[in-house]
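Report on the following structure.
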C-alpha cells in the first residue's frame, strides 16, 4: 500500500474515539512556553479491524493507549511544534499497536489565543503513511552518520 491510498477492504472496521485527553507536556516556540509544562488536548480516532472477542488479541486497549501517550508526553523533553508532537504520538501508536490501521489526531493548547475558541492541528495517517515516514526518518539518520 502506498501513502494516502485508501484501505482495500470494504469497511473501515472499528474506531476508538478519545475525546480531549489532556496531558501536560513541554511544547511551544515562545520563550514563556519553555518555563514549564502546559496542557495539550488530544482528540484521537484509532481505527482497526478485527472480530470482537474476549481476549486482547488484535484489539486496541484504549486505556493502555491513553496511559502510554500520557506517560510519553509527561516525560519527554521540550518540543517546539505541535506538528512534531503529533508525528511522535502517531509513530508511538503505530509502533506499539500492530492492529492499528489508521489514526487521526487533533492537538490543541487550551486558551492559546484570545478571541478564538480553539486553534488546533490535525494529523491523519494510515499505517502506510507511518511506514513511509519511518523509512524517510531512518534514511535521514543514516545520511547524518
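Residue numbers (UniProt numbering): 1 to 145.
For every residue, glycine included, the Cβ atom is placed at its ideal position computed from N, Cα and C.
Residues near residue 127 in its chain [Cβ-Cβ closer than 8 Å; skip 5 each side]: 1, 94, 100, 101, 102
Contact under 7 Å by Cβ, residue 71 with residue 123: no
Selection from 33, 43, 37 that minimises the alpha carbon distance to residue 17: 43
Neighbour-count burial assignment, residue 105, 16 or more Cβ in a 10 Å radius: buried
Sheet register partners of residue 105 (DSSP bridge): 44, 123
Integer Cβ distance of residue 20 from residue 41, believed to fall under 8 Å: 5 Å
Under the three-state DSSP convention, the category residue 61 falls into: coil
Nearest-angstrom Cα separation, counted from residue 23 out to residue 97: 20 Å
Distance between residue 32 and residue 85 (C-alpha atoms, nearest Å): 18 Å
Distance between beta carbons of residue 69 and residue 46, contact taken as under 8 Å: Contact flag wrong, Cβ pair sits at about 11 Å.
Nonlocal neighbours in the same chain, by C-beta distance under 7 Å from residue 117, ignoring five residues either side: none
Straight-line gap, residue 134 to residue 77 (C-alpha atoms, nearest Å): 21 Å
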